[in-house]
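Numbering (our numbering), first residue to last: 2 to 403.
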């Protein structure tokens with residue numbers, strides 16, 4: 002009898018010990034990464050004043066000549082590095098002067114006249130000069146909430162920068178500096194970027210000074226990372242560390258292929274998985290922010306969730322396809338067209354929806370005011386409606402004051 006029990010208990014014990022070892026080795030198995038809902042829409046905003054700046058004059062780089070690689074990339078670095086700047090952003094915050102002020106007993110004696118003191122918070126990042134007009138591309142998170150932004154060039158010059166516009170949903174921002182004889186980087190065609198191309202990251206990691214790291218393009222079109230609402234990243238193994246954000250990712254000829262944005266790391270330092278915003282997307286956002294003061298995107302006014310096998314069966318679908326409309330923004334384009342929560346959105350302009358994020362990007366690329374046909378399922382019946390695409394509002398917490 003004991004041998005029989007031992008024969009059953011031994012495999013169970015081994016399985017438990019193996020599970021403990023796996024969880025200790027890979028703790029991320031216990032964590033569920035959080036990501037912003039790609040289809041969450043915000044309420045409409047008031048109309049903004051039009052901006053009348055001309056489009057920035059950018060310098061297009063010729064196609065990359067792929068051939069036997071050189072022994073040194075110093076020529077490419079010397080061509081691009083002067084246009085990469087260090088960005089120092091700071092903001093002043095108020096804090097209570099003494100820890101005892103957090104105690105309600107002491108606070109009652111001061112009413113609203115609590116003694117406070119100011120504290121300066123600083124952050125460090127990088128940016129890239131992309132035009133003779135002094136426009137600088139960087140990340141939104143580098144300058145978010147800053148009261149003052151200082152830009153330092155490699156030649157030793159420093160100046161204060163003006164924020165032309167920011168786009169939190171792509172994590173890009175445009176600054177402008179007023180200096181003569183600015184070094185300007187050439188922009189590569191992102192469509193010409195291929196996996197295996199040599200890539201170099203230029204920035205100011207950890208505040209040690211301008212630094213160049215080298216690797217290759219590991220992948221293109223990376224999404225579903227939870228880093229921003231609109232994701233189409235270039236992945237590289239060129240070392241990217243804190244302080245590199247907003248810096249340049251260049252090719253072997255010194256042309257700008259992306260803006261370094263984020264890393265995947267368990268330690269906080271580079272582990273060979275870095276992400277950059279491709280110039281195709283960055284260039285479009287740059288021109289919108291300069292000429293219009295904001296990024297104009299198409300908007301339906303719905304909230305949606307991914308279709309699962311169980312949901313598909315409940316809606317009478319043969320296979321999971323499309324997305325389920327979970328909410329409709331009042332007075333939005335979808336509400337005016339008669340869409341309801343519980344409808345299943347199958348096609349947009351005749352194209353099947355295979356991925357919610359991809360559909361969101363496709364809709365964002367449609368000009369507001371355009372007529373868009375949609376194919377839906379409601380109560381087992383398929384039907385088609387046409388609606389007028391609206392303009393996607395800015396996130397409520399990040400609308401500009403001006």
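Using N, Cα and C, we set each Cβ at its ideal position, and we do this for glycine too.
key: Buried or exposed (CB count within 10 angstroms, at least 16 for buried), residue 79   = exposed
inquiry  = Give me, in chain order, the residues of the same chain whose beta-carbon lies closer than 8 Å to that of residue 334; leave out the 5 immediate sequence neighbours on both sides.
reply    = 300, 301, 302, 388, 389, 390 and 391
query = Among 326, 219 and 164, which has the Cα closest to the Cα of residue 339?
reply = 326
query = How many angstroms separate the CA atom of residue 54 from the CA atom of residue 130?
reply = Approximately 18 Å between the Cα atoms of the pair.
inquiry  = Just to confirm before moving on: does the CB-CB distance between residue 239 and residue 202 stay below 8 Å?
reply    = yes
ask   = So, is residue 13 buried or exposed, given that buried needs 16 or more other C-beta atoms within 10 angstroms?
value = exposed
ask   = Curious, which full-length beta strand (DSSP E) runs of at least 3 residues does the stretch 123-149 contain?
value = 136-139
key: Supposed contact pair residue 216 and residue 237 - C-beta distance, whole angstroms, cut 8 Å   = 5 Å
ask   = Relative to the C-alpha of residue 315, which residue among 153, 211, 180 and 378 is closest?
value = 378
ask   = Below 8 Å between beta carbons: does that hold for residue 64 and residue 198?
value = no
query = Which whole-angstrom value describes the C-beta separation of residue 255 and residue 77, a residue pair presumed to lie in contact below a C-beta threshold of 8 Å?
reply = 4 Å
query = With distances taken from CA atoms, which of 19, 373 and 153 is nearest residue 208?
reply = 153
Residue range of the alpha helix (DSSP H) that includes residue 330 = Run containing residue 330: none; DSSP gives neither H nor E here.
task = Would you give the residue range spanned by the alpha helix (DSSP H) that residue 291 belongs to?
result = 280-293
ask   = Start and end of the alpha helix (DSSP H) containing residue 79?
value = Residues 75-81.
request  = Would you please state the rounded distance, in angstroms, between the beta carbons of residue 347 and residue 353? I believe it to be under 8 Å.
outcome  = With 8 Å as the limit, residue 347 and residue 353 qualify as a contact, their Cβ atoms being about 7 Å apart.
query = Going by DSSP, what residues sit across from residue 201 in a beta bridge?
reply = 215 and 251
ask   = Exposed or buried, what is residue 350 when buried is set at 16 or more other beta-carbons lying within 10 Å of its beta-carbon?
value = exposed
ask   = So, helix, strand or coil for residue 16, using DSSP?
value = Helix, per DSSP.
message = Per the DSSP calculation, residue 261 is bridged to which residue(s)?
response = 277
request  = Could you tell me the boundaries of the alpha helix (DSSP H) in which residue 310 lies?
outcome  = 310-315
ask   = Are residue 88 and residue 139 close, meaning C-beta to C-beta below 8 Å?
value = yes
Span separating the alpha-carbon of residue 226 from that of residue 232 = 8 Å
ask   = If you check the beta carbons only, do residue 85 and residue 204 fall under 8 Å apart?
value = Going by C-beta atoms, residue 85 is nearer than 8 Å to residue 204.
key: For residue 358, three-class secondary structure by DSSP   = helix
message = On the DSSP bridge list, what partners appear for residue 161?
response = 151
key: Alpha-carbon to alpha-carbon, residue 376 and residue 384   = The straight-line gap separating the alpha-carbon atoms of residue 384 and residue 376 is approximately 6 Å.
ask   = Pick from 172, 235 and 253: whose alpha carbon is nearest that of residue 72?
value = With distances taken between Cα atoms, residue 72 lies closest to 253.
ask   = So what's residue 11 in DSSP terms, helix, strand or just coil?
value = helix
request  = Below 6 Å CB to CB, which residues in the same chain sit around residue 371 once its five sequence neighbours on both sides are set aside?
outcome  = Excluding sequence neighbours, residue 371 sits near 390.
query = Can you tell me whether DSSP reads residue 222 as helix, strand or coil?
reply = In the structure shown, residue 222 sits in a strand (DSSP, three-state: E or B).
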